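Engineer: Here it is, the structure in full.
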Amino acid sequence: MGKVASSMSMSLDGYVTGPHDSREQPLGEGGEVLHRWLGPAGTEADRAVLQEMLDGAGAVLMGRRSYDFCVGDGGWGDGGPVGDTPCFVLTHHAPDPAGVPEVFTFVTDGVESAIAQAKAAAGDRVVGVHGATAAQQALAAGLLDEIQVHLVPVLLGGGVRLFDLLGADPVDLVRDRVIEAGSGVTHLRFRVSRP
Ligand SMILES: NC(=O)c1ccc[n+]([C@@H]2O[C@H](COP(=O)([O-])OP(=O)(O)OC[C@H]3O[C@@H](n4cnc5c(N)ncnc54)[C@H](OP(=O)(O)O)[C@@H]3O)[C@@H](O)[C@H]2O)c1
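Residue numbers (my numbering): 14 to 208.
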């Protein structure tokens, strides 16, 4: 089985969006800077990190807010965040299937079930976890193997935090890669250490 790995662009003050994220502004006010490295401003090192992610992805797990903000003309067109890679969406209420791109499966019975389905779809490839709520639930359930943080040199001052739902129990991590991309972004990779 492949690993389960979260991958999120984060500000130095810990936000994955600026304030007031919405379908009109999925990364919130001022938050578009978080994904600048994915576009023409990215360096060769940034592009290599992105390509590794795209090549390795066998399935994607996310929460309903990420889906609602980016599906269709929100940015993903007829597919999902990684083209036709299967994408599992945690939600309390699955939407009317009419008009939902084929790559999406809605999961209403919790993160363990969503990860089991995503792993089955991914086989030996990576289950990429996107969205702060989904990533923290995977971590809390002991099902996240790796955390990638693309650290962007900006202080956003508000928005969705990557790690604010985890409670007081420490989670040990082993940093196994640091790439200073030359764009200002530092790509950090951590293995989740389990006793
Ligand atoms: N910086 C980056 O790299 C990056 C990457 C991806 C996304 N983002 C941004 O992050 C934001 C979304 O992250 P988020 O943490 O706010 O939300 P999210 O994880 O995308 O979605 C949270 C929602 O998913 C549903 N959900 C989550 N866990 C569930 C469970 N166990 N059972 C049933 N439903 C569940 C709930 O919606 P319902 O109750 O409505 O079903 C919940 O409100 C968006 O603004 C997106 O643009 C940033």
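All residues carry an ideal CB built from backbone N, CA and C; glycine is no exception. Model, not experiment: these values are computed from the prediction.
Just the Cα atoms here: how many angstroms apart are Phe2 and Val113?
Structural biologist: Lying before the first or after the last residue shown, residue 2 is absent from the chain, which here runs from 14 to 208.
Engineer: Could you tell me the alpha carbon to alpha carbon distance between Gly93 and Val191, rounded to whole angstroms?
Structural biologist: Computed Cα separation, rounded: 28 Å.
Engineer: Quick check on the DSSP output: what are the complete beta strand (DSSP E) runs of length 3 or more inside the region 127-201, in order along the chain?
Structural biologist: For the region 127-201, whole beta strand (DSSP E) runs of length 3 or above, ordered along the chain, are 139-143, 159-165, 186-193.
Engineer: Would you call the CB atoms of Phe101 and Ala133 closer than 7 Å?
Structural biologist: No, the Cβ-Cβ distance between Phe101 and Ala133 is not below 7 Å.
Engineer: Going by the DSSP bridge assignment, what does Phe82 pair with across the sheet?
Structural biologist: In DSSP, Phe82 forms no bridge with anything.
Engineer: Could you spell out the range, first to last residue, of the alpha helix (DSSP H) harbouring Met249?
Structural biologist: The requested residue 249 is not part of the displayed model; the chain covers only 14 to 208.
Engineer: Would a C-beta distance cut-off of 7 Å place Val205 and Asp137 closer than the cut-off?
Structural biologist: Taking 7 Å as the Cβ cut-off, Val205 and Asp137 do not qualify as a contacting pair.
Engineer: Are the beta-carbon atoms belonging to Ala145 and Val29 less than 7 Å from one another?
Structural biologist: Yes, they are a contact pair.
Engineer: Assign Leu168 to buried or exposed, taking buried as 16 or more other Cβ atoms, counted over all protein chains shown, within 10 Å of its Cβ.
Structural biologist: Leu168 is exposed by the Cβ-count criterion.
Engineer: Could you tell me how far apart the beta carbons of Ala127 and Leu103 are, in whole angstroms, since I believe they sit closer than 8 Å?
Structural biologist: That belief holds up - the Cβ atoms of Ala127 and Leu103 are roughly 5 Å apart, short of 8 Å.
Engineer: The beta strand (DSSP E) that contains Leu103, what's its start and end?
Structural biologist: From DSSP, the beta strand (DSSP E) with Leu103 extends over 100-103.
Engineer: Buried or exposed for Phe155, please, with buried defined as at least 16 other CB atoms from any protein chain shown within 10 angstroms of its CB.
Structural biologist: For clarity, residue 155 is Gly in the given sequence; the question names Phe instead. Gly155 should be labelled exposed.
Engineer: Just tell me which of Leu175, Gly195, Leu186 has its CA closest to the CA of Ser22.
Structural biologist: The residue with the shortest Cα to Cα distance from Ser22 is Leu175.
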